[in-house]
Amino acid sequence: MSNKVRTRFAPSPTGYMHIGNLRTALYAYLFAKANDGDFILRIEDTDRNRYVPDAVDFINRTLAAAHIVPDEGPEIGGAFGPYVQSQRQEIYQKYADALIENGFAYRCFCSPDEGHTAASFSGYDRTCRDLSPAVIQQHLDAGDSFVIRQKMPLNGATTFHDMVHGNITIQNDELEDQVLIKRDGMPTYNFANVIDDHLMQVTHIIRGVEFITSTPKHVLLYQSFGWDPPAFVHLPPVMGKNEDGSVSKLSKRHGATSFAELVAMGYLPEAITNYVALLGWSPKSNQELFSMDEMAKVFALDGLSKSSAVFDYAKLNWFNSEYFKQMSDADFAQAALPFAGELTDELQVKWPYLAALLKPRINRYGEIADQIAFFRTLPEYSSELFSNKRNKVTPEVSAAILPAVCAALEPLADWTPDTINTALHGYIDGCGLKMGTVMWPLRIALSGQKVTPGGVTELLYLLGKEICLKRLQKGIAILANI
RNA sequence: GGCGCGUUGGUCAAGUGGUUAAGACACCGCCCUUUCACGGCGGCUUCAUGGGUCCGAAUCCCAUACGCGUCACCA
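Going by the working numbering, the first sequence opens with residue 1409, and the numbers climb by one from there.
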């Protein structure tokens, strides 16, 4: 049982889930599941200045929405708790003391404001590295506050293996005597993560590349304790495309950066995770549409890419529209309704019918309001809109067609797609014009735009007889001036 | 700046010494068609640059350039 795969997602509670973070969580989850392992959620809240109320709840809700379900964590518990770092303070203290005991760490009494920066090597100048026991005791007796620092080797190099990048070596003299326990008694990330990953028996650390350069410090810590380090998997960042064509780490100026924002824009969680999974990972096959279960079957580390990927809305749109097509009309209608804005009474009744027309035509729910705005208010338009080369329509031709269609529609007692269609076809068959030629001017007069959700029959039905006749008259009036 | 990592078309990418360098999105064109969409067909554009090694290099080596990361008592 000891070689069961265990991965973890260890966010700090900021109340925000960046796309890149979501992807990290997703990979850690998928890798665990692909290997019948466990996925752990751990909250890294050792920075008290950054604490955001309800952030843990937010993380739980986000993971749930994305169908990433932890096997262990603050809410579900598990054999290795607590899973919130601020509740593990004594544990870190104990291990830090052991390090001091064995000469791998030391108390540093320097004030953070004194500027103890070394000139010849990286970071802290190591003033307190070799204090005599007597001096240390003096400080302790005086009640001086201190931090605990890691005692880095002065020479040599540290090498570790990364499963996506291969072996990485860093000279030890590049390493600072980093702080392990802060003045407030809390551990730093670089310390807590080592202790917790070992104690929680994490086998694979999956995290962003930003941690790659501090990994040697972690490895040294594992060595000091005599522990075997877990496998390391460092993921490249998710980028955004700038106005000038350059790319940089996905941020606000690129639009949405969080899972929650994308959902608010009307993207389906399933589509987001599917797309994000493929941003930096590729399966052995050419399959692109994956359910979570399918991904959990085929996910493998060797499909991860080394280089960063640019977040592309065009591709996300495609994924989302594919997921829309898989939805039933009823489910879509229900889920889309909140995005429709205020509906006329007519449309409220006919919403399921309208929604079915919208489903194959939009990329995200957020596009709905714009698409259906013309139902409520006919946009201003000019007679030029009536021109369409493809269907051989001109404003003149339109001027002849509109009144005739009005006449054909007017007598209809029953206003259903069927009766409307029959009346329309009756007219078209009689007049000798092509269907497209007749439909074009109708669409323009009905909607004031070239592109509409649904065909003319559907528009007529949805608008209702009275409004249709009015809009057709309006079209005739506009055409009268040419 | 030091150190580390990266670089296949507009974007995601397959590829691990011999391929016509897959596939997807986007874009363009055609077909279908009651517009749009859907669907079908086709096209466009790529191995950052320069040196090696080799019969042969996107694949191996070395430089250069560019990009990203890191250098906190943040994670």
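The C-beta atom is built at its ideal place from N, Cα and C for all residues, glycine as well.
Rounded distance between the beta-carbons of residue j and residue i, thought under 8 Å
| i | j | result |
| --- | --- | --- |
| residue 1585 | residue 1557 | 4 Å |
| residue 1434 | residue 1684 | 6 Å |
| residue 1882 | residue 1853 | 7 Å |
| residue 1865 | residue 1832 | 7 Å |
| residue 1479 | residue 1423 | Incorrect: roughly 24 Å between the Cβ atoms, too far for contact. |
| residue 1500 | residue 1595 | 4 Å |
| residue 1416 | residue 1610 | 5 Å |
| residue 1871 | residue 1813 | Not a contact, Cβ separation roughly 14 Å. |
| residue 1442 | residue 1639 | Rounded, the Cβ-Cβ distance is 14 Å, inconsistent with contact. |
| residue 1399 | residue 1791 | Here the chain has residues from 1409 to 1890 only, and residue 1399 is not among them. |
| residue 1643 | residue 1755 | Not really, about 46 Å apart at Cβ, beyond 8 Å. |
| residue 1892 | residue 1645 | Summary: the structure shown does not reach residue 1892, with the chain confined to residues 1409 through 1890, and so no result is reported for it. |
| residue 1682 | residue 1697 | 7 Å |
| residue 1536 | residue 1517 | 6 Å |
Buried or exposed (CB count within 10 angstroms, at least 16 for buried), residue i
| i | result |
| --- | --- |
| residue 1409 | Note that residue 1409 scores 45 on pLDDT, short of 50, meaning its location in the model is unreliable and no value can be drawn from it. |
| residue 1464 | buried |
| residue 1679 | buried |
| residue 1925 | Given a span of 1409 to 1890 for the chain in the structure shown, any question on residue 1925 remains unanswerable. |
| residue 1843 | exposed |
| residue 1470 | buried |
| residue 1495 | exposed |
| residue 1493 | buried |
| residue 1858 | exposed |
| residue 1648 | buried |
| residue 1548 | exposed |
| residue 1604 | buried |
| residue 1890 | exposed |
| residue 1629 | buried |
| residue 1806 | buried |
| residue 1809 | buried |
| residue 1888 | exposed |
| residue 1674 | buried |
| residue 1542 | exposed |
| residue 1771 | buried |
| residue 1815 | exposed |
| residue 1444 | exposed |
| residue 1861 | buried |
DSSP beta-bridge partners of residue i
| i | result |
| --- | --- |
| residue 1426 | 1666 |
| residue 1700 | In the DSSP output, where bridge partners are listed per residue, residue 1700 has none listed. |
| residue 1656 | 1648 |
| residue 1577 | 1567 |
| residue 1485 | 1481 |
| residue 1614 | 1641 |
| residue 1595 | 1589 |
| residue 1450 | Bridge partners of residue 1450: none, in fact. |
| residue 1689 | 1712 |
| residue 1395 | Absent from the model: residue 1395. The displayed extent of the chain is 1409 to 1890, so no value can be given. |
| residue 1717 | 1646 |
| residue 1457 | Residue 1457 pairs with nothing; no bridge assigned. |
| residue 1437 | The partner list for residue 1437 (beta bridge, DSSP) is empty, contrary to what the question assumes. |
| residue 1557 | 1514, 1587 |
| residue 1805 | Answer is none; residue 1805 lacks a bridge partner. |
| residue 1492 | 1451 |
| residue 1525 | 1532 |
| residue 1796 | 1801 |
Check whether residue i and residue j have beta carbons under 8 Å apart
| i | j | result |
| --- | --- | --- |
| residue 1583 | residue 1560 | yes |
| residue 1765 | residue 1744 | no |
| residue 1612 | residue 1572 | no |
| residue 1856 | residue 1789 | yes |
| residue 1763 | residue 1737 | yes |
| residue 1421 | residue 1429 | no |
| residue 1565 | residue 1575 | no |
| residue 1475 | residue 1700 | yes |
| residue 1593 | residue 1734 | no |
| residue 1473 | residue 1768 | no |
| residue 1626 | residue 1598 | yes |
| residue 1438 | residue 1704 | yes |
| residue 1440 | residue 1477 | no |
| residue 1869 | residue 1823 | yes |
| residue 1524 | residue 1514 | no |
Can we say the stretch 1537-1554 touches the stretch 1453-1470, given the rule of at least three CB pairs closer than 8 Å?
no
Three-pair Cβ contact test at 8 Å for the stretch 1469-1488 versus the stretch 1504-1511:
The stretch 1469-1488 vs the stretch 1504-1511: no contact.
Does the stretch 1796-1805 come into contact with the stretch 1836-1848, if we say contact requires no fewer than three beta-carbon pairs (one atom in each stretch) closer than 8 Å?
yes
Could you check whether the stretch 1721-1736 touches the stretch 1663-1679, counting it as contact only if at least three pairs of C-beta atoms, one from each stretch, sit closer than 8 Å?
yes
Taking contact to mean 3 or more Cβ pairs, one atom from each stretch, closer than 8 Å, check whether the stretch 1681-1701 and the stretch 1627-1638 are in contact.
no
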